[in-house]
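K.L.:
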Amino acid sequence: MTERTWQLVMTGHGLEHVTPQAQADMARLLDLDPTISHLTIEVDGDSIHVARDWPSNRIEEADALIDRIAGSGLFAITVHDRGGKPPRRVTAHG
9 MTERTWQLVM
19 TGHGLEHVTP
29 QAQADMARLL
39 DLDPTISHLT
49 IEVDGDSIHV
59 ARDWPSNRIE
69 EADALIDRIA
79 GSGLFAITVH
89 DRGGKPPRRV
99 TAHG
(Lines of atoms letter the chains of each structure in order from A; the text may use other names.)
(Lines give C-alpha, C1' and ligand atoms only; values in the text may rest on other atoms or scores of the structure.)
Protein backbone atom coordinates (compact mmCIF):
# COMPACT_ATOMS: atom_id res chain seq x y z
CA MET A 9 0.00 0.00 0.00
CA THR A 10 1.27 3.47 -0.84
CA GLU A 11 1.63 6.20 1.72
CA ARG A 12 -1.42 8.42 2.19
CA THR A 13 -1.23 12.06 1.18
CA TRP A 14 -3.86 12.89 3.79
CA GLN A 15 -4.60 12.07 7.41
CA LEU A 16 -7.79 10.99 9.14
CA VAL A 17 -9.36 13.74 11.21
CA MET A 18 -12.14 13.11 13.74
CA THR A 19 -14.01 15.81 15.61
CA GLY A 20 -16.76 15.56 18.18
CA HIS A 21 -17.49 14.03 21.55
CA GLY A 22 -16.87 10.38 22.37
CA LEU A 23 -13.57 10.02 20.52
CA GLU A 24 -12.28 7.76 23.30
CA HIS A 25 -14.79 5.11 22.17
CA VAL A 26 -13.32 4.83 18.65
CA THR A 27 -10.82 1.98 18.60
CA PRO A 28 -7.55 2.12 16.64
CA GLN A 29 -8.89 -0.70 14.42
CA ALA A 30 -12.06 1.29 13.65
CA GLN A 31 -9.89 4.32 12.79
CA ALA A 32 -7.75 2.18 10.47
CA ASP A 33 -10.87 0.74 8.84
CA MET A 34 -12.36 4.19 8.28
CA ALA A 35 -9.11 5.43 6.76
CA ARG A 36 -9.05 2.40 4.44
CA LEU A 37 -12.68 3.01 3.48
CA LEU A 38 -11.84 6.61 2.54
CA ASP A 39 -8.84 5.30 0.55
CA LEU A 40 -11.00 2.85 -1.37
CA ASP A 41 -13.86 5.20 -2.20
CA PRO A 42 -12.79 8.77 -3.04
CA THR A 43 -16.43 9.73 -3.68
CA ILE A 44 -17.08 9.66 0.10
CA SER A 45 -16.65 13.22 1.34
CA HIS A 46 -16.92 12.38 5.06
CA LEU A 47 -18.46 10.01 7.58
CA THR A 48 -20.60 10.63 10.64
CA ILE A 49 -20.34 7.96 13.29
CA GLU A 50 -22.40 7.69 16.42
CA VAL A 51 -21.02 6.35 19.69
CA ASP A 52 -22.58 6.40 23.12
CA GLY A 53 -25.12 9.07 22.13
CA ASP A 54 -22.55 11.37 20.53
CA SER A 55 -21.78 12.12 16.88
CA ILE A 56 -18.28 12.25 15.46
CA HIS A 57 -17.36 13.81 12.10
CA VAL A 58 -14.68 11.83 10.22
CA ALA A 59 -12.94 13.19 7.13
CA ARG A 60 -9.68 13.45 5.21
CA ASP A 61 -7.38 16.35 6.01
CA TRP A 62 -4.58 17.48 3.74
CA PRO A 63 -1.69 19.71 4.78
CA SER A 64 -2.13 23.23 3.32
CA ASN A 65 1.09 22.95 1.32
CA ARG A 66 -0.51 20.11 -0.72
CA ILE A 67 -3.15 22.51 -2.08
CA GLU A 68 -0.45 25.04 -2.99
CA GLU A 69 1.54 22.30 -4.74
CA ALA A 70 -1.58 21.18 -6.62
CA ASP A 71 -2.26 24.76 -7.78
CA ALA A 72 1.35 25.10 -8.96
CA LEU A 73 1.05 21.82 -10.90
CA ILE A 74 -2.15 23.00 -12.60
CA ASP A 75 -0.38 26.21 -13.67
CA ARG A 76 2.65 24.27 -14.90
CA ILE A 77 0.49 21.82 -16.88
CA ALA A 78 -1.41 24.73 -18.46
CA GLY A 79 1.88 26.37 -19.44
CA SER A 80 3.47 23.23 -20.89
CA GLY A 81 2.34 23.86 -24.44
CA LEU A 82 -1.32 22.96 -23.88
CA PHE A 83 -3.99 25.51 -24.59
CA ALA A 84 -5.87 24.94 -21.31
CA ILE A 85 -6.65 22.53 -18.48
CA THR A 86 -10.06 22.25 -16.85
CA VAL A 87 -10.19 20.88 -13.31
CA HIS A 88 -13.51 19.29 -12.29
CA ASP A 89 -14.44 19.20 -8.60
CA ARG A 90 -16.42 16.34 -7.01
CA GLY A 91 -17.82 18.73 -4.42
CA GLY A 92 -20.13 20.46 -6.87
CA LYS A 93 -17.99 23.55 -7.45
CA PRO A 94 -17.98 24.82 -11.03
CA PRO A 95 -15.07 23.55 -13.16
CA ARG A 96 -11.93 25.68 -13.02
CA ARG A 97 -10.36 26.41 -16.42
CA VAL A 98 -6.73 27.55 -16.54
CA THR A 99 -5.18 28.68 -19.82
CA ALA A 100 -1.53 29.05 -20.76
CA HIS A 101 -2.01 32.82 -20.57
CA GLY A 102 -3.52 32.84 -17.09
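In this note's numbering, the protein residues as written are 9 to 102. Where is the CB? At the ideal position from N, CA and C, for every residue including glycine. No experiment lies behind these values; they were computed from the predicted model shown.
(1) Could you pull out every residue in the same chain whose Cβ sits closer than 6 Å to the Cβ of glycine 18, ignoring the five residues on either side in sequence?
(2) Would you tell me roughly how many angstroms separate the C-alpha atoms of glycine 81 and threonine 99, rounded to the nearest one?
(3) For the alpha helix (DSSP H) holding arginine 66, just list the boundary residues, first then last.
(4) Of the residues Ile44, Asp41 and Pro95, which one's Cα is nearest the Cα of isoleucine 74?
(5) Could you name each continuous beta strand (DSSP E) segment of 3 residues or more that falls completely within the segment 11-66, going from the start of the chain to the end?
(6) Buried or exposed: which applies to alanine 78, given that a residue is buried once 16 or more other Cβ atoms fall within 10 Å of its Cβ?
P.N.:
Let me spell this out:
(1) Rather than glycine, the amino acid found at residue 18 in this sequence is methionine. Cβ within range, chain order: Ile56 and Val58.
(2) Cα-Cα distance, rounded: 10 Å.
(3) From DSSP, the alpha helix (DSSP H) with arginine 66 extends over 64-78.
(4) If we check each option's Cα against that of isoleucine 74, Pro95 comes out closest.
(5) Complete beta strand (DSSP E) runs here, min 3: 15-20, 46-51 and 54-61.
(6) Of the other Cβ atoms in all chains shown, 16 or more fall within 10 Å of the Cβ of alanine 78; this residue is therefore buried.
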